[in-house]
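Undergrad: Chains as they are written, first to last, in the UniProt record's numbering: chain A, 1 to 235; chain B, 1 to 235. Got a structure for you, questions after.
2 protein chains.
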Amino acid sequence: MNLLLLEESDFIAENRVILRDRRLRHMQEVHQAESGDELRVGLIEGDMGRGTLLHVEADYAELEVVLDTPPPTKLPVTLILALPRPKMLRRVLQSVASMGVARLILVNSYRVEKSFWQTPFLTPTSIREQLILGLEQARDTRLPSVQIQKRFKPFVEDELPTLVQGTRALVAHPGDWPTCPRYVEGAVTLAIGPEGGWIPYEVDKLRDQGFEAVQLGDRILRVETAVVALLARLF
Amino acid sequence: MNLLLLEESDFIAENRVILRDRRLRHMQEVHQAESGDELRVGLIEGDMGRGTLLHVEADYAELEVVLDTPPPTKLPVTLILALPRPKMLRRVLQSVASMGVARLILVNSYRVEKSFWQTPFLTPTSIREQLILGLEQARDTRLPSVQIQKRFKPFVEDELPTLVQGTRALVAHPGDWPTCPRYVEGAVTLAIGPEGGWIPYEVDKLRDQGFEAVQLGDRILRVETAVVALLARLF
Numbered sequence: 001m002n003l004l005l006l007e008e009s010d011f012i013a014e015n016r017v018i019l020r021d022r023r024l025r026h027m028q029e030v031h032q033a034e035s036g037d038e039l040r041v042g043l044i045e046g047d048m049g050r051g052t053l054l055h056v057e058a059d060y061a062e063l064e065v066v067l068d069t070p071p072p073t074k075l076p077v078t079l080i081l082a083l084p085r086p087k088m089l090r091r092v093l094q095s096v097a098s099m100g101v102a103r104l105i106l107v108n109s110y111r112v113e114k115s116f117w118q119t120p121f122l123t124p125t126s127i128r129e130q131l132i133l134g135l136e137q138a139r140d141t142r143l144p145s146v147q148i149q150k151r152f153k154p155f156v157e158d159e160l161p162t163l164v165q166g167t168r169a170l171v172a173h174p175g176d177w178p179t180c181p182r183y184v185e186g187a188v189t190l191a192i193g194p195e196g197g198w199i200p201y202e203v204d205k206l207r208d209q210g211f212e213a214v215q216l217g218d219r220i221l222r223v224e225t226a227v228v229a230l231l232a233r234l235f
Numbered sequence: 001m002n003l004l005l006l007e008e009s010d011f012i013a014e015n016r017v018i019l020r021d022r023r024l025r026h027m028q029e030v031h032q033a034e035s036g037d038e039l040r041v042g043l044i045e046g047d048m049g050r051g052t053l054l055h056v057e058a059d060y061a062e063l064e065v066v067l068d069t070p071p072p073t074k075l076p077v078t079l080i081l082a083l084p085r086p087k088m089l090r091r092v093l094q095s096v097a098s099m100g101v102a103r104l105i106l107v108n109s110y111r112v113e114k115s116f117w118q119t120p121f122l123t124p125t126s127i128r129e130q131l132i133l134g135l136e137q138a139r140d141t142r143l144p145s146v147q148i149q150k151r152f153k154p155f156v157e158d159e160l161p162t163l164v165q166g167t168r169a170l171v172a173h174p175g176d177w178p179t180c181p182r183y184v185e186g187a188v189t190l191a192i193g194p195e196g197g198w199i200p201y202e203v204d205k206l207r208d209q210g211f212e213a214v215q216l217g218d219r220i221l222r223v224e225t226a227v228v229a230l231l232a233r234l235f
């Protein structure tokens, strides 16, 4: 945790917060924080700054906070990601938040196992938890927006045309395609398939919507690795 | 597993192998492989090609293999990595192998907890297991070389001068440094610190050896994410 993220509901006065949950335990156990200590803090969807610990008791901590620094800029990217398996989903959500992705859309794909859609990690609360871990790591306060699209074809046909407007649309897929561009300017819509990749029908549907198919070389990367590698290369 | 990796000891004749271990179980359980099926195979440190399943029994499988394709090129990079915590170490070893790193050196650093050096995941057998998982994922046969350097100062003073010769040496560190270069030509020596980063003394020692300090922006990435992001940006 490189940034202690605060919720509006933590505030008891304009610049005072009370913490009681895992953030309190983290302060006690990892930072062994004491009265007078300073910590980096940020308000979710707001500014960042510093907090001074006024009291740390067994069951709560009180801080005085000054929020005076804007969070870092988001990457101008909408990431369309075939739903990964649950264990990987949690890590991907953290990476996506850490890397500064503005918008994530989890979609179905032929090679996504149906059972993946049943995972409790897809509840809004669980998604938000993982995103917050990513923001705390990266020192950011703004949550990526996350949407879930369980039906590939209606999403691609009805929603993608609007979504890709004004962006460079790329679909990452192994094969005989141009290599993924580097350091692009402007907004990107990036589609990354499941383990095993998109099926040809899906690549065709995305290309029909103006997506350029691009590849990352001979090496087949895990989805979570490919997400980071593609974002690092593009921005 | 996108490539079934074979050991020399699996061969019972020039182009015949017998498998009995986790690779057999993987074929049975994940691929539900049957006689006549073709699989991508590779010989560790050798060529890649195709294997045809001759028999699959409960306790062994026999394949006929043709190895006619060289593995992908390695990235010309020596990665010097402060030893990550054990759980992360395993994933980093897989990523490092998947991304094609030629050489990995795990070093001590002030912020590496002493207990991390006690992990059973640092045994040669355990390291090799994780690297092989990464190669199987990426479709490569050549293991990165891995060295362990438990003492930072003697390593930096006595071994680094030779190691960095003819390479561009970079130390990744948050702060007011130039941003990490993109798409470099030629060999790179890349040093990545522990969670919490190198201490200033360590950065100074590396800079004394000709390392350029570089940063990746305001966002603080987890070590495993930073490894992938830096490699994707550099190559």
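Note that the Cβ used here is the ideal one computed from N, Cα and C, for glycine as well.
By DSSP, does Pro76 of chain A sit in helix, in strand, or in coil?
TA: It is a strand residue.
Undergrad: Can you list, in chain order, the residues of the segment 70-87 of chain A whose Cβ is nearer than 7 Å to any Cβ on chain B?
TA: Residues passing the 7 Å Cβ filter: Pro72.
Undergrad: So, are the CB atoms of Cys180 of chain B and Leu216 of chain B less than 8 Å apart?
TA: In this structure, Leu216 of chain B lies closer than 8 Å to Cys180 of chain B by Cβ.
Undergrad: Quick one: is Arg182 of chain B near chain A, going by C-beta distance under 8 Å?
TA: Arg182 of chain B counts as touching chain A.
Undergrad: Residues of chain B with CB under 9 Å from Arg219 of chain A, in chain order?
TA: Per Cβ cutoff of 9 Å: Pro72, Ser98, Met99, Gly100, Gln137, Ala138, Arg139 and Asp140.
Undergrad: Do you know whose CA, among B:Thr225, B:Leu221, B:Asn15 and B:Leu43, lies nearest Arg139 of chain A's CA?
TA: Measuring from the Cα of Arg139 of chain A, the nearest candidate turns out to be B:Leu221.
Undergrad: Can you give the Cα-Cα distance for Gly175 of chain B and Gln137 of chain A, rounded to whole angstroms?
TA: Distance between the alpha carbons of Gly175 of chain B and Gln137 of chain A is about 16 Å.
Undergrad: Since I believe Arg40 of chain B is in contact with Leu3 of chain B (beta carbons under 8 Å), could you give me their beta-carbon distance rounded to a whole number of angstroms?
TA: Confirmed, Cβ separation roughly 5 Å.
Undergrad: Determine the contact status of Val203 of chain B and Ala213 of chain B, defining contact as a CB-CB distance below 8 Å.
TA: Yes, the Cβ-Cβ distance between Val203 of chain B and Ala213 of chain B is below 8 Å.
Undergrad: With DSSP as the reference, label Thr225 of chain B as helix, strand or coil.
TA: In this structure, Thr225 of chain B counts as helix in the three-state DSSP scheme.
Undergrad: On the DSSP letters alone, give me the boundaries of the alpha helix (DSSP H) that His26 of chain B sits inside.
TA: Taken as a continuous stretch (DSSP letters only), the alpha helix (DSSP H) holding His26 of chain B covers Arg22 to Glu29.
Undergrad: What's the gap between the Cα of Lys114 of chain A and the Cα of Arg151 of chain B?
TA: The straight-line gap from Cα to Cα measures roughly 49 Å.
Undergrad: Here's the rule: buried if 16 or more other CB atoms are within 10 angstroms of the residue's CB, otherwise exposed. What is Val146 of chain B?
TA: By the 10 Å Cβ count, Val146 of chain B comes out buried.
Undergrad: Kindly list the residues whose CB is nearer than 7 Å to the CB of Met88 of chain A, restricted to its own chain and excluding five residues on each side of it in sequence; keep chain order.
TA: Contacts found: Val223 and Glu224.
Undergrad: Hey, would you say Val101 of chain B sits closer than 8 Å to Pro144 of chain B, going by beta carbons?
TA: Yes, Cβ-Cβ distance for Val101 of chain B and Pro144 of chain B is below 8 Å.
Undergrad: From this set, A:Glu159, A:Pro154, A:Ala187 and A:Trp177, which residue's C-alpha is nearest Ala169 of chain A's C-alpha?
TA: Nearest C-alpha to Ala169 of chain A: A:Ala187.
Undergrad: Compute the beta-carbon to beta-carbon distance between Ile132 of chain A and Val107 of chain A, rounded to the nearest angstrom, for a pair I have assumed lies under 8 Å.
TA: With 8 Å as the limit, Ile132 of chain A and Val107 of chain A do not qualify as a contact, their Cβ atoms being about 23 Å apart.
Undergrad: Can you list the residues of chain B that Val223 of chain A reaches, using a CB-CB cut of under 8 Å?
TA: Result: empty, since nearest Cβ-Cβ is about 11 Å, beyond 8 Å.
Undergrad: Can you have a look at Gln118 of chain B and say buried or exposed, based on whether 16 or more other CB atoms are within 10 angstroms of its CB?
TA: Exposed.
Undergrad: Could you work out which residues of chain B lie near Ala229 of chain A, taking near to mean beta carbons separated by less than 7 Å?
TA: The contacting residues are Val228 and Ala232.
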